[in-house]
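Before any comments, here is the structure.
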Amino acid sequence: MSQRSGGQYTSPSLAPEAMRDPSTQQSADVYVGPLDLYADALHTEQPKLSLGYPDGRQLPLEVHRWRQAADATDEALLDHCTGPVLDVGCGPGRLLIALARRGVPALGVDVTRAAVDLATAAGATVLHASVFDPVLDEGHWQTAILADGNIGIGGDPPALLRRIRHLLAPGGTLLLETEHGDIYEQEHQVRLDDGSGRRSAPFRWARVGTTAARTISLRAGYRPRQAWSVGERNFLALTR
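Okay, so the sequence shown: first residue is 109 according to this note's numbering, each after it adds one.
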């Protein structure tokens, strides 16, 4: 695989798909960019970042956990990995670092510069880009990971699943973290809220439960292989 240890790759196009939609643009004196708000949370001691919906719901995001070392649930997920591994929306890189300790080659992809910097500082190899941008070794990844709600990227789960299928090698595995049950929400007006009065411009995001993920993945050309839960976290292994 074309990788470097502890390196960083940069794509010419860095904005996530949601940020490229003119309907999401707001004046800078009203809203903070979603990536900026997330970046600030990564460097906040007690982050209180949440996902805000138009109906008033606030769904807390586990930024603090994402910055920590991989926990037992993460390690159980990584037991299903065969290298090389592509971690989509890798954030600060806890899964990449855990894979490196196992000797499994892995590359992360993330649009947030602050997350990429944290991950590379810890020794991970990360592509600073959207998963919809060109990615190294397309069609040759044995495992792809969509953890921590990243099935929501772009607000269009079928499109994301099709994109990752294109990245995987034949017979490759997508490890997908899902919501509980059959929830399926595609919301075009989600905002980040940092708990101190700052909100982001709206962007596309989605939430997908295990039942819905099975249905969507079948339509995208995958074969659901295994589902399991640990505490409140739910996972699905899909074969390309």
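Each residue gets a CB set at the ideal place from its N, CA and C atoms; glycine is no exception.
Task: Pair within 8 angstroms by beta-carbon distance, Leu-150 and Ala-227 - done: The answer is no: Cβ separation not under 8 angstroms.
TODO: May I have a chain-ordered list of the alpha helix (DSSP H) segments no shorter than 4 residues that lie completely inside the region 302-332?
DONE: List check, alpha helix (DSSP H) in window: 318-327.
Task: Beta carbon of His-172 nearer than 8 angstroms to that of Pro-155 - done: Cβ atoms of His-172 and Pro-155: closer than 8 angstroms.
Task: Assigned exposure category for Thr-190 - 16 Cβ within 10 Å defines buried - done: By the neighbour-count rule (16 or more Cβ atoms within 10 Å), Thr-190 is not buried but exposed.
TODO: Would you mind stating whether Ala-231 and Ile-205 have Cβ atoms separated by less than 8 angstroms?
DONE: Just to set this straight, residue 231 is Gly in the shown sequence, not Ala. Judged by beta-carbon spacing, Ile-205 lies within the 8 angstroms limit of Gly-231, meaning their Cβ atoms are closer than that value.
- [ ] Less than 8 angstroms between the CB atoms is what I'm expecting for Leu-203 and Asp-182, so what's the real figure, rounded?
- [x] Confirmed, Cβ separation roughly 6 angstroms.
Task: Straight-line gap, Ala-267 to Ala-335 (C-alpha atoms, nearest Å) - done: Approximately 22 angstroms between the Cα atoms of the pair.
Open item on the list: Buried or exposed for Pro-192, going by 16 or more other Cβ atoms inside 10 Å?
Closed with: Here Pro-192 is buried: its Cβ has 16 or more other Cβ atoms, across all protein chains shown, within 10 Å.
- [ ] Work out the CA separation of Glu-340 and Ala-180 for me, nearest whole Å.
- [x] Taking the straight line joining both Cα atoms gives about 13 angstroms.
Task: Beta-bridge pairing of Tyr-292 - partner residues as DSSP gives them - done: Beta bridge pairing from DSSP links Tyr-292 with Val-316.
Task: Separation of Gly-279 from Tyr-139, as counted between CA atoms - done: Straight-line Cα distance between these residues: approximately 43 angstroms.
TODO: Count the other CB atoms, across all protein chains shown, that sit within 10 Å of the CB of Asp-290; report buried if there are 16 or more and exposed otherwise.
DONE: If you draw a 10 Å sphere on the C-beta of Asp-290, you find fewer than 16 other C-beta atoms in it, and that means exposed.
TODO: Return helix, strand or coil for Glu-287, following the three-state DSSP convention.
DONE: It is a strand residue.
Task: N-terminal and C-terminal residue of the beta strand (DSSP E) that Pro-168 is part of - done: Residues 166-168.
TODO: In the DSSP assignment, find the unbroken alpha helix (DSSP H) run with Thr-228 in it and report its ends.
DONE: Here the alpha helix (DSSP H) through Thr-228 covers 221-229.
TODO: Starting from the C-beta of Arg-270, find all residues in its chain whose C-beta is less than 7 angstroms away, skip the five residues before and the five after it, and write them out in chain order.
DONE: For Arg-270, where only same-chain residues beyond five positions count, the Cβ hits under 7 angstroms are Ala-328.
Task: Sequence-distant residues of the same chain with beta carbon closer than 8 angstroms to Thr-318, five excluded per side - done: Result list for Thr-318: Thr-286, Glu-287, His-288, Gly-289, Asp-290, Ala-335, Asn-342 and Leu-344, in chain order.
- [ ] Sort out for me which residues DSSP pairs Ser-337 with in a bridge.
- [x] Bridge partners of Ser-337 according to DSSP: Asn-342.
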